[in-house]
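Okay, structure first, notes after.
Protein chains: 2
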Amino acid sequence: MELDLPSASADPAFRRIPPHLLDGFVAHDLPRGCLFATPGDLRNQVLIIESGRLRVYLAGENRELSLSFLEPGDIYTTHTPTYVEAVVTTRVWLMETVAFARKLASDPSVTPVMMRVLGRLLVNAVNLIEDLAFREVPARLARFLTGMAERRGRPLDGGIWLLPLDLGTEDIASLLGSTRQTVSSLLNQWEREGILQRQGRRVFYIYQLDTLRRLGTPI
Amino acid sequence: MELDLPSASADPAFRRIPPHLLDGFVAHDLPRGCLFATPGDLRNQVLIIESGRLRVYLAGENRELSLSFLEPGDIYTTHTPTYVEAVVTTRVWLMETVAFARKLASDPSVTPVMMRVLGRLLVNAVNLIEDLAFREVPARLARFLTGMAERRGRPLDGGIWLLPLDLGTEDIASLLGSTRQTVSSLLNQWEREGILQRQGRRVFYIYQLDTLRRLGTPI
DNA sequence: GAAAAACTGTCGGCCAGCCGACGGACCTCG
DNA sequence: CGAGGTCCGTCGGCTGGCCGACAGTTTTTC
Numbered sequence: 001m002e003l004d005l006p007s008a009s010a011d012p013a014f015r016r017i018p019p020h021l022l023d024g025f026v027a028h029d030l031p032r033g034c035l036f037a038t039p040g041d042l043r044n045q046v047l048i049i050e051s052g053r054l055r056v057y058l059a060g061e062n063r064e065l066s067l068s069f070l071e072p073g074d075i076y077t078t079h080t081p082t083y084v085e086a087v088v089t090t091r092v093w094l095m096e097t098v099a100f101a102r103k104l105a106s107d108p109s110v111t112p113v114m115m116r117v118l119g120r121l122l123v124n125a126v127n128l129i130e131d132l133a134f135r136e137v138p139a140r141l142a143r144f145l146t147g148m149a150e151r152r153g154r155p156l157d158g159g160i161w162l163l164p165l166d167l168g169t170e171d172i173a174s175l176l177g178s179t180r181q182t183v184s185s186l187l188n189q190w191e192r193e194g195i196l197q198r199q200g201r202r203v204f205y206i207y208q209l210d211t212l213r214r215l216g217t218p219i
Numbered sequence: 220m221e222l223d224l225p226s227a228s229a230d231p232a233f234r235r236i237p238p239h240l241l242d243g244f245v246a247h248d249l250p251r252g253c254l255f256a257t258p259g260d261l262r263n264q265v266l267i268i269e270s271g272r273l274r275v276y277l278a279g280e281n282r283e284l285s286l287s288f289l290e291p292g293d294i295y296t297t298h299t300p301t302y303v304e305a306v307v308t309t310r311v312w313l314m315e316t317v318a319f320a321r322k323l324a325s326d327p328s329v330t331p332v333m334m335r336v337l338g339r340l341l342v343n344a345v346n347l348i349e350d351l352a353f354r355e356v357p358a359r360l361a362r363f364l365t366g367m368a369e370r371r372g373r374p375l376d377g378g379i380w381l382l383p384l385d386l387g388t389e390d391i392a393s394l395l396g397s398t399r400q401t402v403s404s405l406l407n408q409w410e411r412e413g414i415l416q417r418q419g420r421r422v423f424y425i426y427q428l429d430t431l432r433r434l435g436t437p438i
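What follows is the structure in structure tokens.
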């Protein structure tokens, strides 16, 4: 087995991974559309994304629910009953969980990293449960947009936020547990109301972040 | 600080906890109804239940969603945004997560235990997400009952299953993300149809486990 | 043992939003 | 640059189930 090395031009988020953490991992290139994991898989693996994007999702009969999009620097473990698909060509570093358990035993510095990874996955899962159980789709969408604005957005003059978001309407609907018709309808209504504006599929301008916050927090 | 010891008559599931795992934990007795944790809590703790029962739940405006009922032997960590309430008088063993992190660093044998705990919580959370997103209440209830029958039930003669279940209708509804009216209506319909029978609030007799399995798996 | 509290069963109005369908717009590929 | 593929916008029928209300039953407390 040939041991690959991270390329020097790797994504900064991936380069922040402590080098010793990658010891024992093996690089794999996944073509776009590749279904990397399914719920019935018996092999559990730990994976770290170097480049590209993976979508983790659950499948219903007529639609899918995306739990997350994994990006460079993200760590994930596939023991949950989910599908994992490469949205674009993606390079990941993999280790079977059995081998990873040995790594944990021999290198205690890895433990806090993994506890944080699992903890974050758990918090995200609980937040999604809360959304699905208690919030209607408009509130979910508003919360999603305000959360992304706070994480990825850039404030411009006059209280306007620029939000680069490489997600289509169907992607957003999938993350919220809704349908593209419902999300499309809401986005267009909010555009007509002057709350936001869509520019192509990659950029939102948010004119009324406060209004979105209010929409995300029903009284 | 007085160090308590587990009583000799403790629940077998609790007594299966490795003794060294309890090192550093402190016993607390929580009265019935005690709200032990809320989403805003800044203190994150690891807890192990010796006796009693805790309910972990999310709160909406008009109802609650119970994520789980914790019982003797269960380990939980409160860093997710949930409420934790003592359903009956409950004795738990507690440690702050900061101290627990030091324990993990100094005693690597604890790591696999905690990885399994977090992993199980994650799998349960993902299963609930799948239910909420894709399954209607009858399917959720059927899956709940068949799952509990397989875990806690006892087969009797003639294909009948005895399922001791110390949960009221409202408890079951809360676990499924539904309302007591909906669950009550379904249980009574299934009783009229001869699929099951409720005996008091603590015991189900399941006459048609196959039918329940089918109801839990929509085509 | 009675009163109070808690839980359950039932009913029906109401509505959020899913989903199939269709046409248009945009993007990709050859 | 055109064809094909993919995505988006809109529409409206339909339905699952929430929830307020009320009465009855069971359990708990004193």
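Protein sequences, first through last, are from chains A and B. Position 104 of the first sequence, counting from 1, maps to 104 under our numbering, and the rest follow consecutively. Position 67 of the second sequence, counting from 1, maps to 286 under our numbering, and the rest follow consecutively. Where is the CB? At the ideal position from N, CA and C, for every residue including glycine.
In DSSP terms, what residue i is bridged to
{"i": "B/D248", "result": "B/R310"}
{"i": "B/L382", "result": "B/F423"}
{"i": "A/Q197", "result": "A/Y205"}
{"i": "A/I48", "result": "A/I75 and A/W93"}
{"i": "A/S184", "result": "According to DSSP, A/S184 bridges with nothing at all."}
{"i": "B/S328", "result": "Per DSSP, none; premise fails for B/S328."}
{"i": "A/S68", "result": "A/V56"}
{"i": "A/A86", "result": "A/L54"}
{"i": "B/P374", "result": "B/W380"}
{"i": "A/A37", "result": "A/V84"}
With 16 other Cβ atoms within 10 Å as the buried cut-off, status of residue i
{"i": "A/L54", "result": "buried"}
{"i": "B/L375", "result": "exposed"}
{"i": "A/L35", "result": "exposed"}
{"i": "B/P291", "result": "buried"}
{"i": "B/P238", "result": "exposed"}
{"i": "B/A232", "result": "exposed"}
{"i": "B/G372", "result": "buried"}
{"i": "A/D74", "result": "buried"}
{"i": "B/V329", "result": "buried"}
{"i": "B/E280", "result": "exposed"}
{"i": "A/T169", "result": "buried"}
{"i": "B/R354", "result": "buried"}
{"i": "A/L42", "result": "exposed"}
{"i": "B/S325", "result": "exposed"}
{"i": "A/M114", "result": "buried"}
Distance, residue j Cα to residue i Cα
{"i": "B/E412", "j": "B/L351", "result": "26 Å"}
{"i": "A/L221", "j": "A/L212", "result": "Absent from the model: residue 221 of chain A. The displayed extent of chain A is 1 to 219, so no value can be given."}
{"i": "A/S51", "j": "A/S178", "result": "28 Å"}
{"i": "B/G419", "j": "B/R399", "result": "16 Å"}
{"i": "B/E349", "j": "B/Y302", "result": "22 Å"}
{"i": "B/L384", "j": "B/R421", "result": "5 Å"}
{"i": "A/D86", "j": "B/L415", "result": "Here the sequence assigns Ala to residue 86 of chain A, which means Asp is not the residue at that position. Looking at the two C-alpha atoms, the distance is approximately 45 Å."}
{"i": "B/L240", "j": "B/E315", "result": "14 Å"}
{"i": "B/R335", "j": "B/P258", "result": "23 Å"}
{"i": "B/L406", "j": "B/Y424", "result": "12 Å"}
{"i": "B/A256", "j": "B/V275", "result": "9 Å"}
{"i": "A/M1", "j": "A/I17", "result": "In this predicted model, A/M1 has a pLDDT of only 38, less than 50, meaning its place in the structure is not dependable; the value taken from the coordinates is given anyway. Taking the straight line joining both Cα atoms gives about 23 Å."}
{"i": "A/Q189", "j": "B/L386", "result": "44 Å"}
{"i": "B/L347", "j": "B/R417", "result": "25 Å"}
{"i": "B/A229", "j": "A/D171", "result": "50 Å"}
{"i": "B/V356", "j": "B/R433", "result": "14 Å"}
{"i": "B/Y327", "j": "A/L70", "result": "For the record, residue 327 of chain B in the displayed sequence is Pro; it is not Tyr. Each residue's alpha carbon lies about 29 Å from the other."}
{"i": "A/V26", "j": "A/L58", "result": "26 Å"}
{"i": "B/S393", "j": "B/S404", "result": "15 Å"}
{"i": "A/L163", "j": "B/R370", "result": "48 Å"}
{"i": "A/Y207", "j": "A/E191", "result": "10 Å"}
Integer-rounded CB distance, given that residue j should sit under 8 Å from residue i
{"i": "A/G24", "j": "A/K103", "result": "6 Å"}
{"i": "B/P331", "j": "A/A99", "result": "Going by Cβ atoms, the distance from B/P331 to A/A99 rounds to 14 Å, so no, they are not a contact pair."}
{"i": "A/A149", "j": "A/L209", "result": "6 Å"}
{"i": "B/A344", "j": "A/V183", "result": "Contact flag wrong, Cβ pair sits at about 24 Å."}
query: Would the stretch 22-36 of chain A and the stretch 59-76 of chain A be scored as touching if the rule is three or more Cβ pairs under 8 Å?
result: no
query: Does the stretch 119-139 of chain A come close enough to the stretch 88-99 of chain A that 3 or more CB-CB pairs lie under 8 Å?
result: no
- prompt: For the stretch 76-90 of chain A against the stretch 38-56 of chain A, are there 3 or more C-beta pairs whose distance is under 8 Å?
  reply: yes
query: Are the stretch 358-377 of chain B and the stretch 139-159 of chain A in contact at 8 Å, needing three or more beta carbon pairs?
result: no
- prompt: If you pair each beta-carbon of the stretch 359-368 of chain B with each one of the stretch 137-149 of chain A, do three or more pairs fall below 8 Å?
  reply: no
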